[in-house]
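Note that the working numbering has the sequence shown beginning at 433, numbered continuously upward.
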Amino acid sequence: MKKTSLLLCLMGLLGLMGTAVYAQTPAADKILGVYSTFNEDTGLENSRIQIFKATNGKYYGKIIWLKEPNENGKPKVDDQNPDKALQNKPIIGLQLLKAFVYDEKSGEWKDGSIYDPDNGKTYNCFMKLDGDKHLKIRGFIGKAWMGLGRTTTWTRYE
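See below:
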């Protein structure tokens, strides 16, 4: 009987510890995961982006899935990249989001950039979670307050 009670106590403690560890996930890491992007005209899923934390502590994102991964029977490549040496690089695996840092005060990931493979341009960018399922991303030219940019929303993929 004592062994059973001890085992139940240990299992309960381990369960509480697991809950405590999850609750202690830093706010900055809540962005980690896979997000779906959607075509603005059709509303259909376009791609999936995985956001990860690098060893330097900054946050990055790469394309891991495309609805239409091939073009003319071949994998889509980054043909709009201004660097000709990178124009044959596959879109799947391409890093779109670079070097974001979390600002605890604003709850935003800032000081990063976003690359648009449709036009080969890189923009300043910040991101903010909107609840548990949505990520608002603002790409802009110059300073954010200048209003020269675009905001889009990605949805956490489940």
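Quick reminder that beta carbons are idealized off the backbone N, C-alpha and C, glycines included.
Just the C-alpha distance for Y589 and F532, rounded to the nearest angstrom, thanks.
-> As a working mapping, residue 589 is identified with position 157 in the sequence shown. As a working mapping, residue 532 is identified with position 100 in the sequence shown. Whole-angstrom Cα-Cα distance: 21 Å.
Are there three or more Cβ pairs, one per stretch, closer than 8 Å when the region 490-500 is compared with the region 526-543?
-> yes
Pair within 7 Å by beta-carbon distance, N551 and F572 = In the sequence shown, residue 551 corresponds to position 119, counting from 1. In the sequence shown, residue 572 corresponds to position 140, counting from 1. No.
Rounded to a whole number of angstroms, what is the C-alpha to C-alpha distance between E503 and S468?
-> Translated into the one-based positions of the sequence shown, residue 503 becomes position 71. Translated into the one-based positions of the sequence shown, residue 468 becomes position 36. For E503 and S468, the distance between alpha carbons rounds to 21 Å.
Report yes if the C-beta of I524 is less than 6 Å from at least one heavy atom of the ligand ATP; otherwise report no.
-> The ligand ATP is not part of this structure, which contains no ligands at all.
Along the beta strand (DSSP E) that carries N556, what are the first and last residues, could you check?
-> The residue labelled residue 556 in the question sits at position 124 within the sequence shown. 553-562 is the span of the beta strand (DSSP E), which, as asked, contains N556.
Just to confirm, are Q482 and I463 a CB contact at a threshold of 7 Å?
-> The sequence position of residue 482 within the sequence shown is 50, counting from 1. The sequence position of residue 463 within the sequence shown is 31, counting from 1. Cβ atoms of Q482 and I463: not closer than 7 Å.
Every unbroken beta strand (DSSP E) inside the region 485-520 [3 residues or more] = 491-498
Inter-residue Cα distance where the pair is S479 and K537 = In the sequence shown, counting from the first residue as 1, residue 479 sits at position 47. In the sequence shown, counting from the first residue as 1, residue 537 sits at position 105. Whole-angstrom Cα-Cα distance: 31 Å.
Cβ shell of I524 (< 8 Å), same chain only, five flanking positions each side left out | Reading the sequence shown from its first residue, position 92 is the one you call residue 524. Excluding residues within five positions, the ones whose Cβ falls inside 8 Å are I495, I496, W497, L498, P501, P507, K508.
N- and C-terminal bounds of the beta strand (DSSP E) containing D548 | The residue labelled residue 548 in the question sits at position 116 within the sequence shown. It spans 540-548 - the beta strand (DSSP E) in which D548 sits, taken as one unbroken run.
Determine the extent of the beta strand (DSSP E) in which D535 is found, giving its start and end residues.
-> Taking the first residue of the sequence shown as 1, we reach residue 535 at position 103. Here the beta strand (DSSP E) through D535 covers 527-535.
Would DSSP call K462 helix, strand or coil?
-> Numbered from its first residue, the sequence shown carries residue 462 at position 30. Helix.
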